[in-house]
Each structure stands twice: as C-alpha cells, then as structure tokens.
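Colleague: Take a look at the following structure, please.
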Amino acid sequence: MRELLLKITQKHQLKLKEIKLLTGGDINQVFKLTCHEGLFVLKLNQALKFPKMLQLEAKALSDIAISNSFKIPNCVAVGEYHQFQYLIIDYISNAQPTNQAWYQFGEQLAQLHQKSQSKFGYNYDNYIGELTQYNSAENTALDFYINQRIKPQLELAQQNKFQLKNTALFLDRVKHLVPEHQPSFIHGDLWSGNYLYHKSEGFYLIDPAVSFSLPEFDLAMMQLFGGFPSSVFEAYRNSVDASKLQLKHLDLFQLYYLLVHLNLFGQSYFSACQNIINKYT
Numbered sequence: 023m024r025e026l027l028l029k030i031t032q033k034h035q036l037k038l039k040e041i042k043l044l045t046g047g048d049i050n051q052v053f054k055l056t057c058h059e060g061l062f063v064l065k066l067n068q069a070l071k072f073p074k075m076l077q078l079e080a081k082a083l084s085d086i087a088i089s090n091s092f093k094i095p096n097c098v099a100v101g102e103y104h105q106f107q108y109l110i111i112d113y114i115s116n117a118q119p120t121n122q123a124w125y126q127f128g129e130q131l132a133q134l135h136q137k138s139q140s141k142f143g144y145n146y147d148n149y150i151g152e153l154t155q156y157n158s159a160e161n162t163a164l165d166f167y168i169n170q171r172i173k174p175q176l177e178l179a180q181q182n183k184f185q186l187k188n189t190a191l192f193l194d195r196v197k198h199l200v201p202e203h204q205p206s207f208i209h210g211d212l213w214s215g216n217y218l219y220h221k222s223e224g225f226y227l228i229d230p231a232v233s234f235s236l237p238e239f240d241l242a243m244m245q246l247f248g249g250f251p252s253s254v255f256e257a258y259r260n261s262v263d264a265s266k267l268q269l270k271h272l273d274l275f276q277l278y279y280l281l282v283h284l285n286l287f288g289q290s291y292f293s294a295c296q297n298i299i300n301k302y303t
C-alpha cells in the first residue's frame, strides 16, 4: 500500500513521509498523509466498483464552497491510478465545538439551504453511501420526494427481499404532508461524522451527497443518529421561515436514510422503516 500511495503522491508533486490509516471500510480506505508540503487526507477506493464517486465528491465539495456557508477542505487532487480512484484534501485538525460555534452551525446551515434553483434534483446522479442517489429534475417537492428518494429505495428493498408492507398506501397518504417550497441546496448526508470543527477556523463539511432538495432531509438526518445539540436547531429556526417546514413529521424524511441503511446493512433497520410506514397508513 505504501508503494501505491507513494506513486499517487509523486504524481502530484507531494513528498510522502508518513502514512496513517484513519478508516478502512467496504467503500473507502482513508489515510492521513504527512508530506514535506503539509498534512493531507487521501481517500481511496475501487474505480470500477464506484464509478466517478470521488470525482463527484470533489465537485460537491466545490459546490458547497460556492454557497458561502460552510468551509470545505481544500481539494489537492482527484484522479485515478490503475484500478483505484483517489481524492486528496487538506487535513483538518478536529476539535470539540463550543456552544457559540454550534449556534453558528445552525445559522450556516440556514445559509446553505438558501441556495436554490427552479427545479428539484441535480445535474447528475451521485452516491448515498455506496448506493446511487437519483437526482433527475422534478417540478415539485412531492414528486422529488417520491420519485427520486423513497420509491427507488423501496424498489431496491423489494429486490433485496425485504417485504415492507403498505408502501403504496404510504406513498398516497404522504401527499398532503410533504411541504411545497423552493428547492434548497442540501448536504444530503449530514450525520455527526460528516463535519469537522477547527478551533480557529470553524466548521468544515465533508462527504456530501448534495442535491437541490427539501431542507428537512438534512434536519432529519441530523436528528436520526444524534450528535447535534438543540442550539443548532434553535439557531436554524431563528434564521429561516420555520412555518414553511414540516418539522412535526421529520420521520418522513428519516425514512429515506433508514431505507438506505436497510439496503446497505440489512435486517436490523427493517422495523424502523416499517414503523414509519405504519404510522402514516
């Protein structure tokens, strides 16, 4: 592995000194690189298995930067080497956020969500975990919610032999619950592992699954697995017109992420998915 990383870093005029494995999962291996030029993070995976995944990630990070909301790590390089694809970004020293910083996170999230366009979706499909996230253009929030988010995951769950009940009735019943508002630019996979906090520079976002979507998806994911204090949501509500949001039914949006987890990790997420479907049928 050192020889591979040496070849990649040399390709981008980096003088590699030390390697530390940060994570090694089913999708990516992530390394901290100490180079003569500084500290970097290198993400590596199989290019044929996950086509353009890291190229799309680099593009999404750039799009977040343009929103003038959160910082993103500087992208040093993205490319392919033999059967591998890689992304090299600056290493960010991670610290514990202060209470004031958390409030600012909520304000920054509201700023991110203010970026809009005329249609829901994105100009390309991307990834949620290792699954394809569909982003075809839709005119309404409801059509986007059903056609690009929930139905593809329900269909995949059926292919994976998970027998969820009352799904057609659920899709009919939620028609009056999905709020109609302008598309919002969202991170798309905003759990507590996808931000970094630098004590002098503030928050950075990483590992996005961006789209012009419903802001409730970010809020729902943040609450699904925890890790965000109440001050974040207070600041967010104070920065937007909360009356336009469907905050009482965030589980409608959590269903998407639970279905993704069901399709990725299996049976342990089945009951949580079925319980939300049952609640609305």
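Our numbering puts the first residue of the sequence shown at 23, with every later residue one more than the last.
We put the CB at the ideal spot given by N, CA and C, even for glycine.
Given the structure is predicted, the values throughout are model-derived calculations rather than measurements.
(1) Would you say L199 and I299 are within 8 Å of each other, going by their C-beta atoms?
(2) Roughly how many angstroms lie between the CA atoms of G151 and Q35, to the nearest whole one?
(3) Go to S293, then tell me how far its alpha helix (DSSP H) extends in each direction, as first and last residue.
(4) Taking C-beta to C-beta, are N67 and I41 nearer than 8 Å?
(5) Look at the Cβ atom of P119, then the Cβ atom of Y226, and state whether they are nearer than 8 Å.
(6) Give me, in chain order, the residues of the same chain whose beta-carbon lies closer than 6 Å to that of Y146; leave out the 5 immediate sequence neighbours on both sides.
(7) Is it true that the region 116-133 meets the region 250-262, where meeting means three or more beta-carbon pairs spaced less than 8 Å apart?
(8) Using a Cβ-Cβ cutoff of less than 7 Å, which residues in the same chain neighbour S338 once the five nearest sequence positions on both sides are dropped?
(9) Hey, S235 and S206 are a contact pair by Cβ (cut 8 Å); roughly how many whole angstroms apart?
(10) Would you call the CB atoms of A132 and Y258 closer than 8 Å?
(11) Out of Y217, E202 and H203, which one is the CA nearest neighbour of H209?
(12) Could you pull out every residue in the same chain whose Cβ sits closer than 7 Å to the Cβ of L246, ignoring the five residues on either side in sequence?
(13) How would you label P73, buried or exposed, when you count the other beta carbons within 10 angstroms and need 16 or more for buried?
(14) Any C-beta of chain B sitting closer than 8 Å to the C-beta of F106?
(15) According to DSSP, simplified to helix, strand and coil, what is T154?
(16) State buried or exposed for H283, treating a residue as buried only when at least 16 other CB atoms are found within 10 Å of its CB.
(17) For I88, report the span of its alpha helix (DSSP H) as first-last.
(18) Three-state secondary structure (DSSP) at V200?
(19) Which same chain residues end up closer than 8 Å to E238 when comparing Cβ atoms and leaving out the 5 residues on each side of it in sequence?
(20) In whole angstroms, what is the alpha-carbon distance linking T303 and F192?
(21) Just to confirm, is the Cβ distance from N157 to Q170 under 8 Å?
(22) Once you ignore the five residues that flank A99 on each side, which residues in its own chain have a CB closer than 7 Å to its CB?
(23) Around the C-beta of D240, are 16 or more other C-beta atoms found within 10 angstroms, so that it is buried, or is it exposed?
(24) To the nearest angstrom, how far is the alpha carbon of Q130 from that of D211?
(25) Counting only runs of 4+ residues fully inside the region 201-259, write out the alpha helix (DSSP H) ranges in chain order.
(26) Starting from the Cα of D1, find the closest Cα among G60, G46, K65 and L28 and give me that residue.
(27) What residues match up with D112 in a beta bridge as DSSP calls it?
(28) Check I94 in the structure and name its three-state DSSP category.
Modeller: Inspection of the coordinates gives the following:
(1) no
(2) 31 Å
(3) F292 to K301
(4) no
(5) no
(6) none
(7) yes
(8) Residue coverage of the chain in this structure runs from 23 to 303, which leaves residue 338 outside it and unanswerable.
(9) 6 Å
(10) yes
(11) Y217
(12) Q276 and Y279
(13) exposed
(14) Annotation note: the requested chain B is absent from the structure, which comprises a single protein chain.
(15) strand
(16) buried
(17) M75 to I88
(18) coil
(19) P201, L267, Q268, L269, L272, L274 and F275
(20) 6 Å
(21) yes
(22) H34 and I110
(23) buried
(24) 16 Å
(25) 238-246
(26) Within the shown structure, residues of the chain are numbered from 23 to 303, placing residue 1 beyond reach of any answer.
(27) F62
(28) coil
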